[in-house]
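Structure, as structure tokens:
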Amino acid sequence: MSYSVHDARDVVKNLRACLSALSLKTPTSASYEGSGTSSSVCTIGLMLNGCVIDNMMPGSSSFLIGKIRPGDVIESVDGKEAKPENVVELIRGSDVPGSKVELKLRSSDRSFKELHVPREVRANVLQQRNLFMTLDEMRGLASSQILEQRGKKKP
Numbered sequence: 619m620s621y622s623v624h625d626a627r628d629v630v631k632n633l634r635a636c637l638s639a640l641s642l643k644t645p646t647s648a649s650y651e652g653s654g655t656s657s658s659v660c661t662i663g664l665m666l667n668g669c670v671i672d673n674m675m676p677g678s679s680s681f682l683i684g685k686i687r688p689g690d691v692i693e694s695v696d697g698k699e700a701k702p703e704n705v706v707e708l709i710r711g712s713d714v715p716g717s718k719v720e721l722k723l724r725s726s727d728r729s730f731k732e733l734h735v736p737r738e739v740r741a742n743v744l745q746q747r748n749l750f751m752t753l754d755e756m757r758g759l760a761s762s763q764i765l766e767q768r769g770k771k772k773p
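Oh and the sequence shown: position 37 is 655 in our numbering, straight run, nothing missing.
What follows is the structure in structure tokens.
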């Protein structure tokens, strides 16, 4: 099945509208993602290796803040020293949607930053992640279609 650039643009437009509507329904907050086996209600979308941030879940508040980078090290959570054995529990905190986690991070350039990241309902973050991934896939398909059409044109 072949899609036109117009079809891809329509799909992307509709997905953006869905994402926007979803964002309006959820608090702009973040919570800890964890290992997937957690019984927590909330997440901020961080993927950790000890206290080191490996990545962020697309669509999560930690991702949307735009100031957290893979390789950043969590020094403290809500003013308490973060250690590999306690960082997950500290981030989980109250596990209340909309409540904020205060993170003190050390960047790779050794500078520090303090951020207040809101917790979000885990199910909403998963929906946002799926929408982000679909948008990214559609962007790739649209780019491929544009390149293909340009290749067919004769100067």
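The beta-carbon is built from N, C-alpha and C at its ideal position, and this holds for glycine as well.
Extent of the continuous beta strand (DSSP E) to which residue i belongs
i, result
"R724", "K718 to R724"
"I671", "V670 to M674"
CB-CB length for residue i against residue j, believed under 8 Å
i, j, result
"L708", "V695", "4 Å"
"C669", "P702", "6 Å"
"L723", "I692", "6 Å"
"V719", "G677", "About 17 Å; that fails the 8 Å criterion."
Start-to-end residues for the alpha helix (DSSP H) that takes in residue i
i, result
"I709", "V705 to R710"
"I683", "S679 to I683"
Beta carbon proximity, residue i to chain B, threshold 9 Å
i, result
"V659", "Among the chains of the structure shown, chain B does not appear; only one protein chain is present."
Reduced DSSP category for residue i - H, G, I as helix; E, B as strand; rest coil
i, result
"S694", "strand"
"I764", "helix"
"M751", "helix"
"V739", "strand"
Proximal residues to residue i (C-beta, below 8 Å), its chain only, five neighbours per side dropped
i, result
"M604", "Nothing about residue 604 can be reported from this structure: the residues present for the chain run from 619 to 773 only."
Cutoff 6 Å; reference residue i; Cβ partners in own chain excluding five residues on either side
i, result
"S717", "R737"
"F730", "R724"
Contacting residues, own chain, Cβ-Cβ under 7 Å from residue i (five flanking each side not counted)
i, result
"S726", "G689"
"A741", "none"
"M751", "P676"
Contact check, residue i vs residue j, beta carbons under 9 Å
i, j, result
"L721", "I764", "no"
Distance cut-off 8 Å: residue i Cβ against heavy atoms of the ligand HEM
i, result
"Q746", "Absence of the ligand HEM from the depicted structure is noted, as is the absence of any ligand whatsoever, leaving it without description."
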